[in-house]
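In what follows, a single structure is set out as structure tokens and then discussed.
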Amino acid sequence: METTMSLPDLTAKVVLVDIEGTTTSISFVHDVLFPYAKKNAAEYLQQTWATDETKQIVTDLQQYLEFNEYVESLESPQDETQKLIAGFVDYLIDKDLKLTPLKTLQGLIWAKGYESGELKGHVYEDVVLAFETWRKAGIQIAVYSSGSVAAQKLIFQHSIAGNLLQHLSAHFDTHVGHKQQSESYTKIALSLAVEPQHVLFLSDVPGEAAAARDAGMLTILLRRPGNAPLTEEQQSAFVVIDDFSSLHAIKLP
Ligand SMILES: CSCCC(=O)C(=O)COP(=O)(O)O
Ligand SMILES: [Mg+2]
166 METTMSLPDL TAKVVLVDIE GTTTSISFVH DVLFPYAKKN AAEYLQQTWA TDETKQIVTD
226 LQQYLEFNEY VESLESPQDE TQKLIAGFVD YLIDKDLKLT PLKTLQGLIW AKGYESGELK
286 GHVYEDVVLA FETWRKAGIQ IAVYSSGSVA AQKLIFQHSI AGNLLQHLSA HFDTHVGHKQ
346 QSESYTKIAL SLAVEPQHVL FLSDVPGEAA AARDAGMLTI LLRRPGNAPL TEEQQSAFVV
406 IDDFSSLHAI KLP
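Here it is as structure tokens:
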């Protein structure tokens, strides 16, 4: 579907940003954050095994069909639950399955890395100026990511460009729903108390943009280095930009 929206005519009350592949490089998530979580998961589980938070994550993880698939895939049964869950976490990270309890656990593990200074959140240079420009224009900025709300706040609080949290007014993760379901975007617009047509959603994933569009939101795809290539059809169905610099002219409706 040919998109008629021209960038200079863009108006929005809220810009809703995805993280991986949009504000932040895919390589930072896959080559830094995920390996960090894998390396530290077993120790984190061992240290916090008796806490209610970890007990809830362990209970929730075992509800998924993927848990049964993982157990059945093991050559020799693992009878120690703690080691079984640690192995399942590795399995899920390797497959990049964005299960909500996994994302909660990853956020808790990353918190220690950010607090120690070992982790610094990647954001593209153009993101900071765009955030400042939109905020000066009275436009709110919200985040919708598969990463937990806690992980979202950490990546922006401890970013390589300093603390960017002051620009962000709301955070949504998969507790609101799956990112490729239009109902999730309807719920986000309701939560923001903004009409969907006054929300501009920026993402790297066409399926997410399609779901947001079905919910009535404006959508633009980001083509960042390392992002999955877009098909001709996807490029004709959505406005595609390489960075946020072409979005400085956004105005309130
Ligand atoms: C919040 S930083 C970690 C992001 C993450 O875990 C992830 O799976 C990224 O998914 P997104 O929906 O932001 O593309
Ligand atoms: Mg993404």
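Mapping of the sequence shown onto the numbering used here: position 20 corresponds to residue 185, and the numbering continues sequentially without gaps. We treat Cβ as the ideally placed atom computed from N, Cα and C, and that holds for glycine.
- With a threshold of 7 Å, the Cβ atom of E185 counts as near ligand 1, since some heavy atom of the ligand is closer than that.
- Secondary structure at K260: helix, using DSSP grouped into helix, strand and coil.
- Here A377 is buried. Its C-beta has 16 or more other C-beta atoms within 10 Å.
- No heavy atom of ligand 2 is found nearer than 7 Å to the CB of S401.
- With a 10 Å radius around the Cβ and a threshold of 16 neighbouring Cβ atoms, H340 comes out exposed.
- For the region 286–318, the continuous alpha helix (DSSP H) assignments of 4+ residues that do not extend past its boundaries occur at 290–301, in sequence order.
- Here E185 is bridged, per DSSP, to T189.
- Here F232 has L226 and F253 as same chain residues with Cβ atoms under 8 Å from its own Cβ, once five neighbours each way along the sequence are excluded.
- For F337, the uninterrupted beta strand (DSSP E) run begins and ends at A335 to F337, by DSSP.
- For T396, there are no CB contacts under 6 Å within the same chain when 5 residues up- and downstream are skipped.
- For the options V359, G327, Q212 and A375, the alpha carbon positioned closest to that of H343 is the one of A375.
- Counted as a single uninterrupted DSSP element, the alpha helix (DSSP H) harbouring L273 occupies residues T265 to S281.
- A326 has its alpha-carbon roughly 11 Å from the corresponding atom of D291.
- Only residues of its own chain outside the window of five on either side were considered, and among them P266, T269 and L270 have a CB closer than 7 Å to the CB of I222, listed in chain order.
- The alpha carbon of K178 has as its nearest neighbour, out of W299, A380, H336 and D407, the alpha carbon of W299.
- If the five residues before and after P361 are omitted, its C-beta is found closer than 6 Å to the C-beta atoms of A354, A380, G381 and M382, all from its own chain and listed in chain order.
- In the DSSP assignment, I385 forms a beta bridge with L367 and V404.
- For the pair of segments examined, the region 281–296 was found to touch the region 317–336: the number of CB pairs separated by less than 8 Å reaches three.
- For D261, same chain residues with a beta-carbon under 8 Å away, outside a window of 5 residues either side, are H195 and F199 in chain order.
- The C-alpha of L333 is placed about 11 Å away from the C-alpha of E297.
- Each residue's CA atom was taken as its position, placing Y209 and I274 some 7 Å apart.
- Here H336 really is in contact with A307; their C-beta atoms are around 7 Å apart, less than 8 Å.
- Taking all protein chains in view, the Cβ of K220 is surrounded by fewer than 16 other Cβ atoms within 10 Å, so the residue is classified as exposed.
- About 18 Å separates the beta carbons of L357 and I385, which is beyond the 8 Å limit, so they are not a contact pair.
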